[in-house]
Amino acid sequence: MGKRTNIPRDGENAAFDDEIEDLITRFIFHIPETELAESNRFLHHVEKAHWSYIDDSRSKNPKLPHLKWKDFVRAFVDRIPASVITNIKDYDLEENLKSFAAYQGNIPTRGIIALSADCRRALFIESMACPKCWSLPKGKREEDESDFDCAIREAREETGFDFTPFVRPESQQQAGVDYIEMKEKKIRGHVIFYIARAVPEDYDYQPTCRGEVSSIRFHRIDKAIKNERGIRYTYLAQCVLKQLPGVIANLPGVSNGKTRRGMKRPQRKEKPLAVEVCDSEDKHSSILRTPVAPVGRCFPEDIGRVVLTRGPVADRLMMALLA
Numbered sequence: 001m002g003k004r005t006n007i008p009r010d011g012e013n014a015a016f017d018d019e020i021e022d023l024i025t026r027f028i029f030h031i032p033e034t035e036l037a038e039s040n041r042f043l044h045h046v047e048k049a050h051w052s053y054i055d056d057s058r059s060k061n062p063k064l065p066h067l068k069w070k071d072f073v074r075a076f077v078d079r080i081p082a083s084v085i086t087n088i089k090d091y092d093l094e095e096n097l098k099s100f101a102a103y104q105g106n107i108p109t110r111g112i113i114a115l116s117a118d119c120r121r122a123l124f125i126e127s128m129a130c131p132k133c134w135s136l137p138k139g140k141r142e143e144d145e146s147d148f149d150c151a152i153r154e155a156r157e158e159t160g161f162d163f164t165p166f167v168r169p170e171s172q173q174q175a176g177v178d179y180i181e182m183k184e185k186k187i188r189g190h191v192i193f194y195i196a197r198a199v200p201e202d203y204d205y206q207p208t209c210r211g212e213v214s215s216i217r218f219h220r221i222d223k224a225i226k227n228e229r230g231i232r233y234t235y236l237a238q239c240v241l242k243q244l245p246g247v248i249a250n251l252p253g254v255s256n257g258k259t260r261r262g263m264k265r266p267q268r269k270e271k272p273l274a275v276e277v278c279d280s281e282d283k284h285s286s287i288l289r290t291p292v293a294p295v296g297r298c299f300p301e302d303i304g305r306v307v308l309t310r311g312p313v314a315d316r317l318m319m320a321l322l323a
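Written as structure tokens, this is what we have:
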């Protein structure tokens, strides 16, 4: 007995047939036959139709069956007229799906690492396809789309937020500071994640794409790295987390000092110097804040003080400091 699926038989569900016919018209009819003849490019367009079916068709008509990718392709291909693709009836579904999976693995992935103002938390998403498993906002790059535009688009679709103002302009970006770039055997394809700094934590993040993201939440980076709470992260997210502390340390305004919890914090600046020159007889004193103090914000309790009794040495020091 064959495996049971949700695919309605042809003519069994008129609403489903009409919907698939509409998707074929929108996503297949206008594509040149030379491109449709190439299996991976054909399935690329079928994949877009599948997303539209999930995001739009089923939201308008919840009675339409929920179809996984493989079942959707089968239903979609079965309903394409032979006049549109001449060899469609000879289509080897299993073989071509394997080829398409490999093809997708080589498509560049671009995403966003959204950091809180203190750089201690990052925004993660939980996928409906993999419940209780968290990843970073990301997606595949379209043809003729720039790396940066892809990252912004995918993150906006998955979170409902435009991160453009929070990422340094492309012309000023530096590797290892403004983005993380990865390419290794276990990660299929070339991956770039752009750093978005000081994104709001109180924003109501909601995906614009339906049927993909179930939850959006900020996680403590140090706890995610150590997996203290037993939360599952995708392999790609784990690879990014390993590199993230080093990248955060290189961000402008962030130093290499470590807090007790293992995260980076700004190093304490040297105390600005104040020289107090005291008269040896009446103990009258005056304070001179010297221009040799490091530039930066300081508060009264941060000021170091050197007390000198008035005399030739003290007078010469005052003259030198005032010069």
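Read in order, the letters of the sequence shown are residues 1 to 323 in the UniProt record's numbering.
Backbone N, C-alpha and C fix where the C-beta goes; we use that ideal spot for every residue, glycine too.
None of these values were measured; they are calculated from a predicted model.
Query, Result
"What are the complete beta strand (DSSP E) segments, minimum 3 residues, inside the region 192 to 239?", "213 to 220"
"Quick one: what's got a C-beta closer than 7 Å to Arg210's C-beta in the same chain, skipping five residues either side?", "Ile54, Asp55 and Ser59"
"Who are the near neighbours of Ser214 in its chain, counting only those whose CB is closer than 6 Å to its CB and skipping five residues on each side?", "Glu126 and Met128"
"Taking DSSP as the reference, what is the three-state secondary structure of Gly176?", "coil"
"Compute the Euclidean distance between the alpha carbons of Pro252 and Val177, then round it to the nearest angstrom.", "9 Å"
"Under the three-state reduction of DSSP, which class applies to His45: helix, strand or coil?", "helix"
"Applying the 10 Å Cβ sphere with the 16-neighbour rule, what's the burial state of Ala117?", "exposed"
"Keeping to the same chain, check which residues put their C-beta closer than 7 Å to that of Ile31; ignore five residues upstream and five downstream.", "His45"
"If the criterion is Cβ atoms closer than 8 Å, does the pair Thr234 and Cys133 meet it?", "yes"
"Per DSSP, what are the beta-bridge partners of Cys133 in this structure?", "Arg232"
"Might you give, ordered along the chain, the residues of its own chain that have their beta carbon closer than 6 Å to the beta carbon of Asp147, omitting 5 neighbours on each side?", "Arg110 and Ile192"
"Restricting to runs no shorter than 4 residues, where is the alpha helix (DSSP H) found entirely within the region 52 to 130?", "69 to 78 and 93 to 105"
"Considering just the uninterrupted stretch of the beta strand (DSSP E) at Gly160, what are its terminal residues?", "Run containing Gly160: none; DSSP gives neither H nor E here."
"Assuming contact is defined by CB atoms lying nearer than 8 Å, are Thr159 and Ile216 in contact in what I supplied?", "yes"
"Are the region 63 to 80 and the region 91 to 98 touching, with three or more C-beta to C-beta distances below 8 Å?", "yes"
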